[in-house]
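Student:
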Amino acid sequence: MDNVARAQLQDNVVAAKKRKREKEKLSRTWPLHLMLLPAAIVTFIFAYMPMGGLVMAFQDFKPYDGIFGSKFVGLKHFEFMFQYPDSKEVIWNTLVISSLKIVFGLIVPFVFAILLNEVRKMAFKRTIQTLVYLPHFISWVILGAILTDMLSSKGIVNSTLNSLGIQSIPWLADGNWFRFTVVVSDIWQNFGFNTIVFLASLAGVNPALYEAAEVDGANRWKQTLHITVPAMIPIAVVVGTLSLGNILNGGFDQIFNLYNTLVYDKGDIIDTFVYRTAILNGQYSFGTAVGLFKSAIGLVLIVISYRMAYKFAGYRIF
Amino acid sequence: MYYKTKGYKTFTVFNYALLTLICLSCVLPLIHILAVSFSASAPANSNLVGLWPIGFNFEAYEKTLNNPNFHNALLVGLQRTVLGTIIGMLLITLAGYALSKDSGHFKSRPIYMWYFLFTMLFSGGIVPSYMLIRELHLMNTMWALVLPVAINVFNMVLLMNFFRAVPKELEEASLIDGAGHFRTLISIYLPVSMPAIATISLFTMVMHWNSWFDGLLYISDYRKYPLSTFLQTVIVQQDFNKINPDINELKNISQRTVKSAQIFIGTLPILLVYPFLQRYFVKGIILGAVKE
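In the order they appear, the protein sequences are chains A and B.
Just so we're aligned, residue 1 is where the first sequence starts under the UniProt record's numbering, counting upward by one.
Just so we're aligned, residue 1 is where the second sequence starts under the UniProt record's numbering, counting upward by one.
1) Spatial neighbours of L65/B within its chain, please: C-beta separation below 6 Å, excluding the five flanking residues on both sides.
2) Determine which residues of the segment 229 to 259 of chain A have a Cβ less than 8 Å from any Cβ of chain B, and write them out in chain order.
3) Would you verify that the beta carbon of G53/A is, or is not, closer than 9 Å to some beta carbon of chain B?
4) With 9 Å set as the bound, which would you pick, yes or no: does the beta-carbon of G288/B sit closer than that to a beta-carbon of chain A?
5) What are the boundary residues of the alpha helix (DSSP H) that includes Y112/B?
6) Report the three-state DSSP secondary structure of V273/B (helix, strand or coil).
7) Let me know the alpha helix (DSSP H) ranges lying completely inside the segment 163 to 249 of chain A, each 4 residues or longer, listed in chain order.
8) Quick check: is the beta carbon of residue 293/B nearer than 9 Å to any beta carbon in chain A?
9) Decide if the segment 211 to 227 of chain B is in contact with the segment 139 to 146 of chain B; the criterion is three or more beta carbon pairs, one per stretch, under 8 Å apart.
10) Can you give me the C-alpha to C-alpha distance between Y284/A and F293/A, rounded to a whole angstrom?
11) Let me see if you follow: with CB-CB separation under 9 Å, is M142/B close to chain A or not?
12) Which residues in the same chain as S99/A place their Cβ atom closer than 8 Å to its Cβ, once the five residues preceding and following it in sequence are excluded?
13) Leaving aside the five residues before and after T85/B along the sequence, list all residues of the same chain whose C-beta is less than 8 Å from its C-beta, in chain order.
14) How would you label T162/A, buried or exposed, when you count the other beta carbons within 10 angstroms and need 16 or more for buried?
15) Is there a Cβ from chain B that is less than 9 Å from the Cβ of K266/A?
16) Looking at the C-beta of E292/B, does it have a partner C-beta in chain A at a distance below 9 Å?
17) Which residue's Cα is closest to the Cα of T277/A: H77/A, I41/A, V263/A and I233/A?
18) Under 9 Å between the Cβ atoms of W140/A and L262/A?
19) Runs of 4 residues minimum, wholly inside the segment 216 to 247 of chain B: which ones carry the alpha helix (DSSP H) assignment?
20) Quick one, are the C-beta atoms of T257/B and A95/B less than 9 Å apart?
21) So for F312/A, helix, strand or coil by DSSP?
22) Between Y225/B and chain A, is any beta-carbon pair separated by less than 9 Å?
23) Look at the alpha carbon of N210/B and the alpha carbon of M56/A, and state the distance between them as a whole number of angstroms.
24) So is R109/B buried or exposed if we call it buried at 16+ other beta carbons inside 10 Å?
25) How many Å lie between L185/B and F163/B at the Cα?
26) What does residue 294/B reach in chain A if we use C-beta pairs closer than 9 Å?
27) For a minimum of 4 consecutive residues, which ranges assigned as the alpha helix (DSSP H) are wholly contained in the segment 98 to 147 of chain A?
28) What does P29/B reach in chain A if we use C-beta pairs closer than 7 Å?
29) Would you mind telling me which residues of chain B sit closer than 7 Å to P31/A, beta carbon to beta carbon, in chain order?
30) At the level of alpha carbons, what is the spacing between I66/A and I133/B?
31) Could you give the C-beta distance for N194/A and K266/A, rounded to a whole number, given that I count them as a contact under 8 Å?
32) Could you name each continuous alpha helix (DSSP H) segment of 4 residues or more that falls completely within the segment 15 to 100 of chain A, going from the start of the chain to the end?
33) At least one CB of chain B closer than 9 Å to the CB of residue 319/A: is that the case?
34) So, are the CB atoms of G192/A and P109/A less than 9 Å apart?
35) Just to confirm, are H32/B and I142/A a CB contact at a threshold of 9 Å?
36) Among the residues of its own chain, which have a CB less than 7 Å from the CB of Y130/B, if the five just before and after it don't count?
Written out as structure tokens, the structure is:
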């Protein structure tokens, strides 16, 4: 009897200990830290260490002397940047190209989503969607190679124009046409993919709204104007404000794969300029200064645009 | 009903026509390149080929696949894609799981979140990154292409949101049964989030296959170029000095049919994964974007 009681007591103690262990196991967080460690280290090395390297912008950096041995020169490179005509031109080009991309990159998917929303044959709708998303996933190396081939003076586009009695157009060889080509081809690449968010917002519209409008005698145009469009406005505001953070991104991949010396005056953007001056010509410090200028303004714009998106549309990413 | 009115029917006809045209604009360029690549060189060079090959043959593909430099680049491109996807997915899955725990339990979570998110807002730019890779002696290695892009914060947050959508009861049951966090991740979270993992892996693969600029920046030996960088150098920049081709190869490279064949082979992997990719991504993006 005594033995049984003792054994039971012992069992209880063991069970309590086990429960306690389990509870500790639930609350311990070191495995979580361990899981984050590799990602944190890689991020530190490849994202935070280059930020430290930004001091190069305030030095006359020589690879031989390294970051710790190079001479500090203060704001020399920033002053030079604002005096040097090329860099002013490049900042202007970036602003022009990216604002055109932002504006039309918002309007085209918006209209496309409305048109697609009117398609009642599901199979047709799905086929269209599948095919227009495709260019988004193809790199600018491939797209650049295809466009350069098609838009060359004897390419398929100009030869088609010629056969219609229209003169050849220097799509990639004249500054203004180059800007046009860049903006159109960027929208062409991304409008399908950017339509997704608009279609998603339309999927949330209550069909009863359309039925009620129908009963009240509104035709489809009126329904679109008063139901479909207002349903997409909030997300359009969010997308529009958030893209403000991209105003100094002209699209390096695209420009670099399409441009040539003929169109530098109208088509060269900050990123391509930095690559050429810093990496190809070895003006490391100047390139870093221009890059820092861009990143700093970009950071401020992103913070502002997120605040605005929150204020206007109640949108929050984090 | 509105769709029975005459006006709407007319609109529908125009709408379908317009959408078809827009849609064609997205695929015809690829079909044109494909047609050129299968054509004989004479009609291709004089721009006679439209959407159907003239003088159908496989010569351009034979020449392309017999080019050792192309071979090499293709292999490096595949290696980079496989290695990069494995390493990247491993790191962001582990991190995404840990970040999916709520701050009440995992107190340092906000610190980690900001640590990662800040890298999306601000970066050192290309010059310091280039100098870093040089200082670390990673120039001309595969690591320079894989490690700097291993942590894609956007994908990590997507994955984190998927993990957060997994019912808490599953996790609690697993922890009470004595499994630690690693075991819970592997036996509970991974199996139920397979669609998300597959989607994000495909995104990562596409990103690696398409990346070309890091190859140009960090690799100076053309034999170590991944395919995208190789195509950028040979077809877009037409910079043959780096590659040192012999006369025969040079003649082939500048042929329009051979160029088109190379472009098409470069696009092929994307076209192959695209059906899987697009089945998931719409759902994936929307699900991943939902927050509590």
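Idealized CB from N, CA, C, for every residue including glycine.
Tutor: This is what the structure gives:
1) none
2) F252, D253, F256 and N257
3) yes
4) Here G288/B scores only 47 on pLDDT, less than 50, and its place in the model is too uncertain to base an answer on.
5) R109 to L121
6) helix
7) 175 to 203, 207 to 215, 220 to 223 and 229 to 242
8) Since the first residue shown for chain B is 1 and the last is 292, residue 293/B is missing from the structure and cannot be characterised.
9) yes
10) 14 Å
11) no
12) I247
13) S201, T204, M205 and H208
14) As written in the sequence, residue 162/A is Asn, which differs from the Thr given in the question. Flag for N162/A reads exposed.
15) no
16) Note on E292/B: pLDDT 36, under 50, position unreliable in the model; the coordinate value appears next. Cβ-Cβ to chain A under 9 Å: no for E292/B.
17) H77/A
18) no
19) 227 to 231
20) no
21) helix
22) no
23) 30 Å
24) buried
25) 9 Å
26) Since the first and last residues shown for chain B are 1 and 292, residue 294/B lies out of range.
27) 122 to 133
28) I146 and M150
29) G180, H181 and F182
30) The residue you asked about is not Ile; residue 66/A is Gly in the sequence shown. Rounded to the nearest angstrom, the two C-alpha atoms are 13 Å apart.
31) That pair is no contact at about 26 Å.
32) 30 to 43, 49 to 52, 66 to 69 and 76 to 83
33) Given that chain A is displayed from residue 1 to residue 318, the structure contains no residue 319/A and the question cannot be resolved.
34) yes
35) no
36) L217
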